[in-house]
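Protein chains in written order, with this note's numbering: chain A, 1 to 131; chain B, 1001 to 1131; chain C, 2001 to 2131; chain D, 3001 to 3131.
Backbone N, C-alpha and C fix where the C-beta goes; we use that ideal spot for every residue, glycine too.
Number of protein chains: 4
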Amino acid sequence: MLEETIRVNFYDTDALKHVSNTAIVRWFEGARDPIFRYFTPDLDVENWPLIVASYKVDLLAQTFLGDVTIKTGISRIGNSSFTVFQEVWQNGKRCAKGETALVHFNYQNHKSEPIPSSVREKLEALIVEGD
Amino acid sequence: MLEETIRVNFYDTDALKHVSNTAIVRWFEGARDPIFRYFTPDLDVENWPLIVASYKVDLLAQTFLGDVTIKTGISRIGNSSFTVFQEVWQNGKRCAKGETALVHFNYQNHKSEPIPSSVREKLEALIVEGD
Amino acid sequence: MLEETIRVNFYDTDALKHVSNTAIVRWFEGARDPIFRYFTPDLDVENWPLIVASYKVDLLAQTFLGDVTIKTGISRIGNSSFTVFQEVWQNGKRCAKGETALVHFNYQNHKSEPIPSSVREKLEALIVEGD
Amino acid sequence: MLEETIRVNFYDTDALKHVSNTAIVRWFEGARDPIFRYFTPDLDVENWPLIVASYKVDLLAQTFLGDVTIKTGISRIGNSSFTVFQEVWQNGKRCAKGETALVHFNYQNHKSEPIPSSVREKLEALIVEGD
């Protein structure tokens, strides 16, 4: 899986002195950056090729100020859509996991498009079992 | 279902000129406020009685600047946990739906606790079929 | 001044159990919505006419979960720019104040443009002394 | 000055396809992490020693998806308060600068406290001219 270690920022916490549940989807979106670049190496927002269809997150343990490692793999590849599997780790504990379904999408005609084979190969290299 | 109409704020949008997928969980958390008050009428953060166990969101249509209506009901009530079912509507279209599982939780001893019967009655009054 | 009362959302708080300093600029941006509409009644993001040049915020007292009232006026009108003066009130106490300088801006040619006289009149109706 | 390079996340952008003005204060708060640790090496939220008194940000150029470097120094040290000076750089251009005034603060008795001399020495090592 892809891995990145990021700082938990103070604004990621809430009044319960732990990380807000709303922060996890931000972290996951951020950590999908390498996958975005498979589709658009220059992150061209004028011709953005992806749209989020759904996501789910399981909060397995509280996360606190400090560092977290986000792990990112692919759990499913369809014709025009695929699913990203991601985890949040802190101090050796898996604190959250989630899946996000993305569609290769044309914003001009509002239609999904097949995933190009060159991109598919890169996604396949990240295949994980999920959970 | 509970309903509230809120403004889409400019910071809720992203470079695709639509609402960021990360905004939906913020809106849903905000719209759970009346349910938080069933458990803690004064929103007492020193004795907060709930923790989020999981959430999932389906993005059914793009959402844009303007107003949205958030609808909130209860789709499941267990012994110590329950599931909130929520929807985002804009211009007569359902743009997103989601479910969030919350646990009646004691942050001092890190244990779940049964939902009090007086709260259970209020939750039952909001039961919806889900989808 | 324009006034709107909004809910402090749980995600607006941080681990100090008060509102994060980073939330105030979100609230202020949200409350500028009526002023955005003076320039673009339909909030047309394809031809957005404004850019933020600077802002400053003074945090006068801690803000907590509950409701807040955001007051919005105009403290300065120049040829192509103007300054919005805003306050956060909670339980009769002024908790924050701030000023945001905005420029009437053409994103196509990256140049500022004079404020149209019809808009100027509306801004003038909101003139406040500042502090 | 302290420097850190971070990714602009997609959720940092808004419908103008550039970085939202509201993101800058998040980045600046994040980049103050080493300074927080001067006061509380373990980031102890139970005894947090700082409160934000004010901030101001000048947006000098638009910032876009990609990486940014945040530079952080100290522009003023008082008895119990100090001011952090920060900049956002992207592709060799300074896109934003700002100052944040923080107070060494006791949340139990709601009083400011003198900056300890050991901390003062560390802050002095980061003194910059500002602008």
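By Cβ distance, which residues of its chain are closer than 8 Å to residue i, with the 5 residues on each side in sequence left out?
i: Lys1111 (chain B); result: Phe1105
i: Asn1021 (chain B); result: Val1057 and Leu1059
i: Glu1129 (chain B); result: Ser1075
Within 8 Å (strictly less), CB to CB, does residue i reach chain B?
i: Ala31 (chain A); result: no
i: Ala119 (chain A); result: Looking at the sequence shown, residue 119 (chain A) is not Ala but Val. Cβ-Cβ to chain B under 8 Å: no for Val119 (chain A).
Taking residue i as the reference, give the member of the options with the closest Cα.
i: Val2057 (chain C); options: C:Asn2091, C:Lys2017, C:Trp2027 and C:Phe2010; result: C:Trp2027
i: Leu3060 (chain D); options: D:Asn3047, D:Asp3012, D:Gln3090 and D:Asp3042; result: D:Gln3090
i: Val52 (chain A); options: A:Leu65, A:Lys71, A:Ser80 and A:Asp44; result: A:Ser80
i: Glu2003 (chain C); options: C:Lys2017, C:Arg2076 and C:Ile2035; result: C:Ile2035
i: Asp1131 (chain B); options: B:Ile1115, B:Glu1121 and B:Thr1083; result: B:Thr1083
i: Leu1050 (chain B); options: B:Val1103, B:Glu1113, B:Thr1022 and B:Glu1124; result: B:Val1103
i: Lys1097 (chain B); options: A:Val119, A:Ser54, A:Val8 and A:Phe39; result: A:Ser54
i: Thr2100 (chain C); options: C:Gln2086, C:Arg2094, C:Lys2071 and C:Glu2113; result: C:Gln2086
i: Arg3153 (chain D); options: D:Arg3007, D:Thr3022, D:Val3119 and D:Leu3123; result: No information on residue 3153 (chain D) is available, as it lies outside the stretch 3001 to 3131 that chain D covers here.
i: Ala1031 (chain B); options: B:Arg1120, B:Glu1121 and B:Gly1073; result: B:Gly1073
i: Ala2023 (chain C); options: A:Asp14, A:Phe64, A:Glu29 and A:Gly92; result: A:Asp14
i: Gly1964 (chain C); options: C:Phe2010, C:Ile2115, C:Glu2121 and C:Val2068; result: Outside the shown range of chain C, which is 2001 to 2131, sits residue 1964 (chain C), and nothing can be said about it.
i: Lys1071 (chain B); options: B:Cys1095, B:Ser1020, B:Tyr1107 and B:Tyr1011; result: B:Cys1095
i: Lys2093 (chain C); options: C:Asn2109, C:Tyr2107, C:Phe2064 and C:Glu2113; result: C:Phe2064
i: Tyr1011 (chain B); options: C:Ile2006, C:Phe2010 and C:Val2025; result: C:Val2025
i: Ser3048 (chain D); options: D:Glu3113, D:Asn3021 and D:Ser3020; result: The amino acid occupying residue 3048 (chain D) in the given sequence is Trp; Ser does not appear at that position. The candidate whose alpha carbon is nearest that of Trp3048 (chain D) is D:Glu3113.
i: Val3019 (chain D); options: D:Asp3033, D:Val3088 and D:Thr3005; result: D:Val3088
i: Gln108 (chain A); options: B:Met1001, B:Leu1016, B:Gln1108 and B:Thr1005; result: B:Leu1016
i: Thr5 (chain A); options: A:Glu29, A:Val68 and A:Glu121; result: A:Val68
Please check if any C-beta of chain A sits within less than 8 Å of the C-beta of residue i.
i: Arg1026 (chain B); result: yes
i: Tyr1055 (chain B); result: yes
i: Asp1058 (chain B); result: yes
i: Leu1126 (chain B); result: no
i: Asn1079 (chain B); result: no
i: Leu1016 (chain B); result: yes
Consider the Cβ of residue i: report whether some Cβ of chain D lies at a distance smaller than 8 Å.
i: Tyr11 (chain A); result: yes
i: Arg7 (chain A); result: yes
i: Val2019 (chain C); result: no
Please work out which residues of its chain come closer than 7 Å, Cβ to Cβ, to residue i, disregarding the five sequence neighbours upstream and downstream, and give them in chain order.
i: Asp2042 (chain C); result: none
i: Gly1066 (chain B); result: Val1008 and Gln1090
i: Val1972 (chain C); result: The shown model of chain C, from 2001 to 2131, leaves out residue 1972 (chain C), and the question about it has no answer.
Starting from residue i, follow its DSSP beta bridges and name the residues at the other end.
i: Thr3083 (chain D); result: D:Arg3076 and D:Ala3101
i: Thr3013 (chain D); result: D:Val3019
i: Ala1096 (chain B); result: B:Leu1059 and B:Val1088
i: Gly3066 (chain D); result: D:Val3008
i: Leu1050 (chain B); result: B:His1104
i: Ser112 (chain A); result: A:Phe105
i: Lys2071 (chain C); result: C:Glu2003 and C:Glu2087
i: Ile3127 (chain D); result: D:Ile3074
Only counting the same chain, and skipping five residues up and downstream in sequence, which positions put a Cβ closer than 6 Å to that of residue i?
i: Ile2127 (chain C); result: Ile2074
i: Gln1062 (chain B); result: His1018
Which residues, taken in chain order from the stretch 82-108 of chain A, show a beta carbon closer than 8 Å to some beta carbon of chain D?
Within the stretch 82-108 of chain A, no residue qualifies.
Could you run through the stretch 3061-3077 of chain D and flag, in chain order, every residue whose CB is less than 9 Å away from some CB of chain C?
The stretch 3061-3077 of chain D vs chain C, Cβ under 9 Å: Gln3062.
Could you run through the stretch 1035-1046 of chain B and flag, in chain order, every residue whose CB is less than 7 Å away from some CB of chain C?
Leu1043 and Val1045
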